[in-house]
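*Asks:* Please see the structure below; I have some questions.
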Amino acid sequence: MEVIESVEILENGQLILVLASGGSPSYEHIYREAAEVKWDTNLKAFTSPPPREWSHSDWFHHIVKVAKNCSINLSLNSETIWVNIPNNVKEQMVAGKNT
Numbered sequence: 002m003e004v005i006e007s008v009e010i011l012e013n014g015q016l017i018l019v020l021a022s023g024g025s026p027s028y029e030h031i032y033r034e035a036a037e038v039k040w041d042t043n044l045k046a047f048t049s050p051p052p053r054e055w056s057h058s059d060w061f062h063h064i065v066k067v068a069k070n071c072s073i074n075l076s077l078n079s080e081t082i083w084v085n086i087p088n089n090v091k092e093q094m095v096a097g098k099n100t
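So that you can map any letter, position 79 of the sequence shown is 80 in this note's numbering, and since no number is skipped, the others follow by simple counting.
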């Protein structure tokens, strides 16, 4: 189980999920899923591309799903930090719903 330390929308619109553990070098292989999810070693985070048709909530759930396909179980906890995430988007991410 990997705890998501923070969820952040960067200035360029990318969504990043930073892991409390710092992740593992093997996470870079997530790109093999061909799902536009990447591991950024410097950020210690899974990243989405800048948004196009999908919302940030869509990308959040997509990253979690693609990671799970790679046997990486991501989870939020009460200490997860939310950076530049509007409350309505956070609610969609936490609730597991996309609108």
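Glycine included, C-beta positions come from ideal geometry on N, C-alpha and C.
What would DSSP say about Trp1, mapped onto helix, strand or coil?
*Replies:* Here the chain comprises residues numbered 2 to 100, so residue 1 is not present and cannot be evaluated.
*Asks:* Cβ atoms of Ile5 and Ile1: under 8 Å apart, would you say?
*Replies:* Lying outside 2 to 100, the shown extent of the chain, residue 1 is not represented and no answer is given.
*Asks:* Would you mind sorting Met2 into buried or exposed? The rule is 16 or more other CB atoms within 10 Å of its CB.
*Replies:* So Met2 counts as exposed.
*Asks:* With DSSP collapsed to three states, give me the class of Ile86.
*Replies:* In this structure, Ile86 counts as coil in the three-state DSSP scheme.
*Asks:* Taking Leu184 as the reference, which of Asn43, Leu18 and Gly14 has the closest Cα?
*Replies:* With the chain represented from 2 up to 100, any question about residue 184 goes unanswered, as that position is not in the structure.
*Asks:* In terms of residues, what are the limits of the beta strand (DSSP E) holding Leu18?
*Replies:* Here the beta strand (DSSP E) through Leu18 covers Leu16 to Leu20.
*Asks:* Going by the CB atoms, is the gap between Met94 and Ser58 shorter than 8 Å?
*Replies:* Yes, these two residues count as a Cβ contact at 8 Å.
*Asks:* Name the DSSP beta bridge partners of Ile10, please?
*Replies:* Beta-bridge pairing links Ile10 to Leu16.
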